[in-house]
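If you're matching positions, the sequence shown starts at 248 in the numbering used here and goes up one per residue. A virtual CB, placed ideally from N, CA and C, is assigned to each residue, including glycine.
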Amino acid sequence: MRMKRDHFCGTLSKKNAGKEVVVAGWVKTRRDHGGLIFVDLIDKSGVVQLVFDPATSKETHSVARSLREGWVIAAGGKVFLRPSESVNPKISTGEVEIRVEKIEVLNTSLPLPFSPEDKIDVAEEVRLRYRYIDLRRPVMQKNIRLRYEVTKTVREFLDKKGFIEVETPFLTKSTPEGARDYLVPSRLNPGEFYALPQSPQLFKQILMVAGFERYFQIVKCFRDEDLRADRQPEHTQIDIELSFIDEEDIFELIEGMLKYVFERAGGVSISTPFPRLSYTEAIERYGSDKPDTRFGMELKDFSFLGEEGKFKTFQEIVKNGGCIKGIHLAEGSCLSRKELDELRVWTTNYGVRDLAWVIFKEKIKSPLAKFYAPSTMDKLIKVAGAKKGDALFLIADEKERVCKALGQLRIYLARKFNLIPRNSYRLLWIVDFPLFEKDETGKLSPVHHPFTSPREEDLPFLETDPEKVRSRAYDIVLNGEEIGGGSIRVHKKDLQEKIFGLLGINKTEAREKFGFLLDALSLGAPPHGGIAMGLDRLVMILAGEKSIREVIPFPKTQKAVCLLTQAPAPVKEEQLKELHIKLR
Ligand code: ASP
C-alpha cells in the first residue's frame with residue numbers, strides 16, 4: 248500500500264475541515280452525478296462521503312467511475328464542510344466530505360452476494376456462507392464488539408477480585424454435563440480417544456486442590472447435543488471456581504460481576520441482590536425453572552373445582568393426586584371461539600389432556616359453567632383476580648405436567664399479546680434443586696452434574712429416599728433464559744464415591760473414569776464451588792437479539808455444519824489409517 252491511512256472514516260468531523268487526510272476502506276455506494284461522483288466509504292469506524300470532481304483530477308475521477316460496491320480503496324484529499332443542503336444529520340460524519348485528489352484501488356470485488364446493510368432480506372444460509380460479508384453489517388459489527396466488551400469487562404472485574412485466568416486442556420477425558428462427547432482419535436495410542444471437554448469442571452476443581460483458590464476462564468465447551476433450538480455444538484462459558492466459600496459468596500460475586508458488566512459493556516443499570524426462588528416455587532408459580540419474571544400471569548391453584556360441582560374429569564384427576572391450575576389473561580376476552588379452540592389443540596402438544604377456558608364479560612362464559620353453581624364460578628373469578636374483559640385458562644392433570652404446560656402457555660400468550668416489556672432485565676437465582684431425577688427406567692441421574700454437593704441436612708436421605716435430597720446448586724436466570732449455573736461441590740472422596748454409586752457407577756468404573764478426581768479429593772481438597780455463565784446467551788440478551796447465532800462470529804447451523812468452511816467434511820483414507828480407524 249503506497250498511500251498510508253491516517254484517519255478512520257467514521258471519525259472525521261467539522262474539526263478536520265481544511266485538513267489533508269488519507270482514509271481506506273470498502274466502497275459502499277457510488278453515485279454518478281454526471282460531473283461529480285459521490286462514494287460512501289466504510290471502515291470499522293463508520294462511513295464518510297468522498298467526492299470526485301474532474302476539475303480536481305481527471306485521472307482520479309476516471310478511476311472513481313470504475314468503482315463498485317465492495318471494492319477496497321485508499322483515498323487522499325482535503326476535508327470540506329458540506330454545503331448546508333447536503334448535510335446528513337443521520338451519520339456522525341454528515342457535515343463533511345473529502346474531495347479526493349489521489350486514489351489507489353487496493354482490491355476489486357466480484358458483485359457482493361448481498362449488501363452489508365442492517366436491513367436485509369437474505370436467507371440465513373447465505374449469510375452464514377458469506378459470513379465475512381454478513382459481519383460487515385453494522386449490526387453484526389456492533390454485536391461482535393459488544394461480545395468483546397463483555398469479555399473484557401468480565402476479565403477486568405475478576406482480575407480486581409483476585410482471580411486468575413488459567414487454561415485447561417481441550418484434549419482430555421469425558422467431563423459429563425449431560426450431553427454426548429465429541430471424540431478425537433489418538434494416532435499415538437491406537438484405539439484410544441480424547442474427549443473434548445463439555446466443561447472444564449474437573450480441571451477447575453483440581454485447580455482448587457492445587458491451591459489457586461480463585462480461578463476463571465473464558466472457554467469453549469463442546470457438547471454433541473441433538474438439535475434443539477438455538478444450541479451450538481461449541482459454546483463459550485465464563486467459568487469460575489473458588490475455594491473456602493459457600494453459596495452466598497457466589498451470589499455476591501456474580502451479582503457484582505453482572506452489575507459491572509451490564510453497566511460498562513451494555514450501558515444498563517441493574518439492581519442487586521437478585522431475588523431467589525426455589526425450584527419448586529418456580530415450577531408452581533411460573534411453570535418453569537427459568538421463569539421470565541418481566542411480567543405477571545402467575546399460575547394459580549383451582550383444585551377446589553375437583554371437589555365442588557359435578558365435573559367428573561376434574562373430580563377424578565384431583566382424587567388421583569393431580570391438580571387444577573390456571574393462568575389469567577387480562578383483556579383476553581377478545582379471543583374468538585376459533586382462537587380458543589386453537590389454543591386447546593396447542594396445549595395438548597405439551598402432554599396434557601385439554602385446556603378449559605373461562606371468558607369473563609358481562610356474564611361468565613365457559614364450557615365449565617354447566618357443571619358448577621354460579622357461586623363456584625364467582626369463586627373461580629375471585630381466586631384468579633380476574634376483571635371483566637379477562638380470560639382464564641385451566642388445565643387439570645398430573646401436577647408437574649400441568650405446571651409445565653401452563654408455563655409454556657404463559658409465555659405464548661404473553662408474546663402474542665405483547666405483554667413482555669422491552670429493555671427490561673430481570674435476573675433471579677433458582678435454588679434448592681433436587682440432586683437427582685429419575686428417568687423412565689427408574690435410574691437416578693444428576694439434575695446438574697455428579698460433582699454437586701447435597702445439602703448437609705438432606706444427607707440422611709441419600710440412602711433412604713435419594714429423590715428427596717436437595718442439592719447445593721443454583722441457576723441464574725435472565726428474562727426467562729438460563730444464563731448460568733453452578734454449585735458447591737462434593738470435596739470429600741467418600742461422599743463422591745457414594746454419589747457415583749447411587750448413579751449406578753460402580754467402583755471399577757468410577758476409578759476408571761474419575762480416579763484422578765478421587766485421588767485429588769483424598770489429598771487435601773478444600774471446600775469449593777463455582778459457576779459457569781453462558782457468554783453467548785448473555786451477549787445475545789444484551790444485544791437485544793433472538794438467537795445466539797447473531798452474537799457468535801462463526802456459528803454452526805442446526806445440523807452442526809459450518810457453512811463457511813463446510814465442516815465437517817470427509818477425510819482421506821490415509822488419515823483414517825493413521826488413526827487406526829475404519830469406517831463402517
Ligand atoms: N460445569 C458446569 C456447567 O458447565 C457449571 C458449574 O457447575 O460450574 O454447566
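- Taking 9 Å as the cut-off, the beta carbon of residue 715 is found no closer than this to the beta carbon of residue 653.
- The closest CA to that of residue 427, considering only 615, 444, 779, is found on 444.
- Between the alpha carbons of residue 695 and residue 415 lies a distance of about 21 Å.
- Under DSSP, residue 365 forms no beta bridge with any residue.
- Looking only at 795, 539, 802, 394, the smallest Cα-Cα distance to residue 509 is reached by 394.
- Collapsing the DSSP output to three states places residue 257 in a helix.
- Straight across, the Cα-Cα distance linking residue 805 with residue 476 is about 8 Å.
- For residue 693, no alpha helix (DSSP H) segment is defined; the enclosing uninterrupted segment is the beta strand (DSSP E) at 691-693.
- The way I'd put it, the stretch 481-501 does touch the stretch 709-724; three or more beta-carbon pairs between them come closer than 8 Å.
- If you check the CB distance, residue 620 and residue 605 do not come in under 9 Å.
- Distance from the C-beta of residue 733 to the nearest heavy atom of the ligand ASP is below 8 Å.
- Here residue 628 has 605, 607, 611, 639 as same chain residues with Cβ atoms under 8 Å from its own Cβ, once five neighbours each way along the sequence are excluded.
- Shortest Cα-Cα distance from residue 305 to any of 292, 295, 283, 291 involves 283.
- As DSSP reads the structure, residue 445 sits in no beta bridge.
- At least one heavy atom of the ligand ASP lies less than 8 Å from the C-beta of residue 468.
- Within 10 angstroms of the beta-carbon of residue 447 lie 16 or more other beta-carbons, which makes it buried.
- Excluding residues up to 5 positions away in sequence, 269 lie with their Cβ nearer than 7 Å to the Cβ of residue 251 in the same chain.
- Using a C-beta cut-off of 8 Å, the stretch 789-796 makes no contact with the stretch 761-776, since fewer than three inter-stretch Cβ pairs fall below that distance.
- Beta-bridge partners assigned by DSSP to residue 468: 482.
- Taking residue 779 as reference, the option from 771, 463, 660 with the minimal CA-CA separation is 463.
- Between the C-alpha atoms of residue 407 and residue 503 there is a straight-line separation of about 12 Å.
- Counting along the chain, residue 432 sits inside the beta strand (DSSP E) bounded by residues 430-432.
- In this structure, residue 343 and residue 261 form a Cβ contact; the two beta carbons are roughly 6 Å apart against a cut-off of 8 Å.
- Per the coordinates, the alpha-carbon of residue 518 lies some 17 Å from the alpha-carbon of residue 542.
- In this structure, the alpha-carbon of residue 706 lies about 13 Å from that of residue 683.
- By the neighbour-count criterion, in which a residue is buried when 16 or more other Cβ atoms sit within 10 angstroms of its Cβ, residue 784 is buried.
- The three-state reading of DSSP puts residue 621 in helix, counting H, G and I together.
- Residue pairing by DSSP leaves residue 318 without any beta bridge partner.
- For residue 352, the CB contacts under 6 Å within the same chain, skipping 5 residues up- and downstream, are 320 in chain order.
- Under the three-state reduction of DSSP, residue 377 is assigned to coil, being neither helix nor strand.
- Exclusion of the five residues before and after residue 738 leaves 768, 772, 773, 774, 775 as the residues of its chain whose Cβ lies within less than 7 Å of its Cβ.
- Closer than 8 Å to some heavy atom of the ligand ASP: that describes the Cβ of residue 779.
- At a threshold of 8 Å, residue 424 counts as near the ligand ASP, since its beta carbon sits closer than that to one of the ligand's heavy atoms.
- Listed as beta-bridge partners of residue 354 by DSSP are 319.
- A Cβ-Cβ contact shorter than 9 Å links residue 346 with residue 298.
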